Amino acid sequence: MAENKNIPVEATETNEVVDKVTGFWQQNSKNIIIAVAAVVLLAGGYAGYKYFISGPKETKANEALFRAENYFRMDSLQLALNGDATNPGFVKIMDKYSGTPAANLARFYAGSSYLKLGDFKNAEKYLKDFSSSSVQVNARAKSLLADALAEQGKKEEAVKLYLEAAKMFEKDEFNSSEYYFRAGYLLESLGKNQEAIEAYKAIKEKYPRSERGFDIDKYLARLGVTE
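Heads up: the sequence shown runs through residues 717 to 943, numbered per the numbering used here.
Here it is, written out as structure tokens:
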């Protein structure tokens, strides 16, 4: 066949590239198809899970949590925990909607509910399993867990958690001063007066205008600190 000398150099180079790509595809088409199919299936699977399973599950979990929260706000704690004839309570929400943010928040509410009911072991159980990305909420959960531990006589563990809670979000004048106070009070009961003084002094120095700050001098005075 006669050589066509009129074919531009660019066209010749393009044809060579096409030939190389075509050869590569012919040799590897099966593997490429499998790889692309896997990516599509994974993406489709994730989208399917997100929109057909995870999404609706979270919506239902949030709806259930909202109803249980209403009982909690009304102080109907047994209904909040165990639900009614139609709606699940916090305990069932944790199980039925496991892995959702609502199930995690249900642990916090369940722990708080059991604490109010005087069931300190269950309060400890659920509050220990709770975690949040919110520093303030985590501080609150730690303080409630400390309450549950203190009520069971686990005072040293409680002190540790109160102090951690107090330092987590120090801008929260009301709560941080309260956590320091509870730690100091427990330390006094343990005979650890110097450590109690340090906790009380933290209130005097950091939160002098808080409710606890206004009368902290009398707690320091009874431990011999009058300055």
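Glycine is no exception: its CB is placed at the ideal position from the N, C-alpha and C atoms.
Computed from a predicted structure; not experimentally measured.
Under three-state DSSP, which class holds residue i?
i	result
G900	helix
Y878	helix
M884	helix
D800	coil
K920	helix
K808	helix
K858	helix
S847	coil
R938	coil
S814	coil
S892	helix
S926	coil
E943	coil
Q868	coil
L795	helix
D931	coil
G827	helix
K908	coil
D863	helix
V755	Here V755 scores only 44 on pLDDT, less than 50, and its place in the model should not be relied on; the value that follows carries that caveat. V755 falls in the helix class under three-state DSSP.
Taking buried to mean at least 16 other C-beta atoms within 10 Å of its own C-beta, is residue i buried or exposed?
i	result
G929	buried
P772	exposed
L906	exposed
L793	buried
T816	buried
E894	buried
L831	buried
K934	exposed
F788	buried
Y782	Here residue 782 is Phe; the residue named in the question, Tyr, does not match the sequence. Exposed, by the Cβ-count rule.
L821	buried
N786	exposed
S892	buried
F890	exposed
- Three or more beta-carbon pairs under 8 Å between the stretch 818 to 828 and the stretch 851 to 863, yes or no? The stretch 818 to 828 makes contact with the stretch 851 to 863: 3 or more CB pairs, one atom from each, lie closer than 8 Å.
| query | Are the stretch 872 to 883 and the stretch 832 to 849 touching by the rule of at least three beta carbon pairs closer than 8 Å? | reply | Touching, no.
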